[in-house]
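Line by line, the protein sequences are chains A and B. Mapping to my numbering: the first sequence position 78 is 160, numbers consecutive. Mapping to my numbering: the second sequence position 187 is 269, numbers consecutive. The beta-carbon is built from N, C-alpha and C at its ideal position, and this holds for glycine as well. See structure below.
There are 2 protein chains.
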Amino acid sequence: MRVEAEPAESGRKPRADAQRNRERLLETAKAAFADAGPEVSLDEIARRAGVGIGTLYRHFPNRDAIVAAVYRREVQQLADAATRLMDTLPPGEALHQWMRLFVDYIATKKVIASALGAIVGGASELYASSGALIIGAVEALVGRASASGDIRADADPDDVLRALVGFTYGNTSPGWEASALRLIDILMDGLRPSP
Amino acid sequence: MRVEAEPAESGRKPRADAQRNRERLLETAKAAFADAGPEVSLDEIARRAGVGIGTLYRHFPNRDAIVAAVYRREVQQLADAATRLMDTLPPGEALHQWMRLFVDYIATKKVIASALGAIVGGASELYASSGALIIGAVEALVGRASASGDIRADADPDDVLRALVGFTYGNTSPGWEASALRLIDILMDGLRPSP
DNA sequence: CTTATATACGGAGGGCTCCTCCGCTTATCA
DNA sequence: TGATAAGCGGAGGAGCCCTCCGTATATAAG
C-alpha cells in the first residue's frame, strides 16, 4: 500500500504532471471534505480539481485511499501535540489536556472523525499508518500517566482511544462538544487510582 | 409519521394482502440485516420477501423508515430490561448492569447499533420514537441512581447514553466487547460522587 | 353473486454512486 | 529529435435508492 508520494525505487523518476495532479487532488479533496462533508462524490472532487476521474483513480485506488491520504496529515498534528504536551505538563494533566484537544480537533476537522472511527472499528487496512500514529500517541500519554501514578496502572491505551472516538462519534448533534468534554472529565476521574 | 400498523382512522380497513406484505417485509428485513449487515440493499430485501420493490417503498417511504421499524421492537426490549433491573437491584447497580446488558445487546443485534448512533448523532427524525424510548430508560436509571447518591447528582443521562453508544461504536474490531465492558466500569467509577 | 372502485401490486427506469477500461497525449531519456 | 513508457480523460458497467404508472384485486355496495 503506497499512499504518500515519494522518490520511489523505479529507474525513472515520476513525471512532473503526475506529481502536480496528485497534489492538486489532495488539496481539492481536503477542501471538498471540509465544505461539503465527507460524503462528496469522487467525481466531484475530480471535477473541482480539473482532472479526469480516471486520473483520480490512478492515484488513489478507491475512496478510502484518498480519505486516508487527506487526513493522515491531520492525525500527524494530533500526534505531535501529544509530544508537546508531555514535555510541558505532568503526565496526568498532559493526557487530560490532549483528550480535550482531541475534541477541539474533531470539532474543526470533522473529516477525520469517520476515519478515526474506521481505525477503532478495525475496518480498513488503509488506515493502518494513521492508526499507528494516533495509537502511538495515546500509548505514550497513557503509559507515562500510569507510570507516574496519575492514573491506574492497568489503564489500557486502546480503551482510552476507543472511548475518545466514541465520545466524539455523534459530532453533528447540538451540544455534542460540551457532552464530550464532560465525559472526558468523568473518564479521567474513573481512570484515577482508587484510594 | 406512522410506522406501526394499526386500525387507523380511515373509513375502510386496510386490505389483508397489504398487511401481510408489510409483516413479511419487516421480518425479512430483520433477517436480512442480521445476516448481511445493515448495508443490505432494499432491492434485495424486496426480492427475499417475494414482493416488488414498489411494494416495499409504499410501506416504507425510504431506507431509514424500514430500519427504524425493524429495530424499534429491539429497543423496546432494552427499555423493558431497564424497568426490570430497577425493580430488583439498588439504583447504582441497576444502572451498571443495564449498561453491561447494552453491550451484550449490541453484540447480538448489531442492526440497532447504527440506528442508535443516528439517535445520538441527532440525525433522522425517523428515529424519534425509538430515541424517546431509550432516552426514557436511561433517564430513569440515571435519575434514580443520582437521587440515591450512588452516582453524582449532576450526572447527565444524555451524556451516559452518548458514552454507551460511543463505547459500542466500533463493534466489528476484535475485542471491542471486552473493551466496552472495561470502559463501562471506568465510567461508573468516574460517575461516583467524589469523597 | 355481480359489479364498481379504492387500494395495492410489480418492475421499468431515472439519477446518482464508485470504479474499470482503453485509446489518446505527453514528459522523459537516449 | 524521436521512441516509448507513463500519464491522461471520460465513456460506460454495475449497483444503489427511489419514483411512477399501468395492471390486478380485495372489498363494499347493489
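| Asked | Found |
| --- | --- |
| Interface residues of the stretch 219–232 of chain A facing chain B [CB-CB below 8 Å] | none |
| Close beta carbons around P275(B), own chain, < 8 Å, minus the five adjacent residues each side | G231, I233, R234, A235 |
| Under 9 Å from the C-beta of V202(A): neighbouring residues of chain B | Y251, G252, S255, W258 |
| Where G272(A) meets chain B, residues with beta-carbon distance less than 9 Å | L265, D267, I268, L269, M270, D271, G272, L273, R274 |
| Within 7 Å, strictly: CB atoms of A131(B) and L108(B) | no |
| Distance between A147(A) and R140(A) (C-alpha atoms, nearest Å) | 11 Å |
| N-terminal and C-terminal residue of the alpha helix (DSSP H) that A214(B) is part of | 210–229 |
| For L171(A), three-class secondary structure by DSSP | coil |
| Buried or exposed by the 16-neighbour rule on C-beta atoms within 10 Å, applied to A98(B) | exposed |
| Whether F249(A) touches A262(A) by CB criterion (7 Å) | yes |
| Cβ contact check for the stretch 148–160 of chain A and the stretch 209–224 of chain A: 3 or more pairs under 8 Å | yes |
| Members of the stretch 118–150 of chain A that neighbour chain B once the beta carbon cut-off is set at 7 Å | none |
| Beta-carbon spacing of V193(A), P143(A) below 7 Å | no |
| DSSP three-state assignment for D162(A), whether helix, strand or coil | helix |
| Per-residue contacts from G244(A) into chain B (C-beta, under 9 Å) | Here residue 244(A) is Arg; the residue named in the question, Gly, does not match the sequence. The answer, in chain order, is G248, F249, Y251, G252, S255, W258, S261, A262, L265. |
| First through last residue of the alpha helix (DSSP H) which encompasses N103(A) | 98–118 |
| CB contact flag (A227(A), P173(A), <7 Å) | yes |
| Contact set for V220(A): own chain, Cβ-Cβ below 7 Å, skip 5 residues either direction | P239, V242, L243 |
| Assigned exposure category for K95(A) - 16 Cβ within 10 Å defines buried | exposed |
| L283(B) vs A245(A) beta-carbon contact at 7 Å | This structure does not reach residue 283(B), given that chain B is present from 83 up to 277, and the question cannot be answered. |
| Under 9 Å (Cβ pairs) to chain A, residues found in the stretch 185–202 of chain B | G199, A200, I201, V202 |
| Beta-carbon separation (whole angstroms), R125(B) vs G272(A), contact threshold 8 Å | For the record, residue 125(B) in the displayed sequence is Asp; it is not Arg. Rounded, the Cβ-Cβ distance is 46 Å, inconsistent with contact. |
| Inter-residue Cα distance where the pair is R104(A) and I217(B) | 47 Å |
| Cβ pair W180(A), A164(A) closer than 7 Å | yes |
| Buried or exposed by the 16-neighbour rule on C-beta atoms within 10 Å, applied to S100(A) | Note on residue identity: the sequence assigns Ala, not Ser, to residue 100(A). Exposed: under 16 other Cβ atoms inside 10 Å. |
| Beta-carbon proximity check, A111(A) vs I127(A), cutoff 7 Å | yes |
| With 16 other Cβ atoms within 10 Å as the buried cut-off, status of G257(B) | exposed |
| Where the alpha helix (DSSP H) containing A235(B) begins and where it ends | A235(B) -> no alpha helix (DSSP H), and no H or E assigned at all. |
| Inter-residue spacing [alpha-carbon to alpha-carbon] between A114(A) and T254(B) | 29 Å |
| Neighbouring residues, chain B, relative to A241(A) (Cβ below 7 Å) | The residue you asked about is not Ala; residue 241(A) is Asp in the sequence shown. Simply S261, R264, L265. |
| Cα-Cα separation, L223(B) to G252(B) | 25 Å |
| Helix, strand or coil at Y251(B) according to DSSP, with G and I counted as helix | coil |
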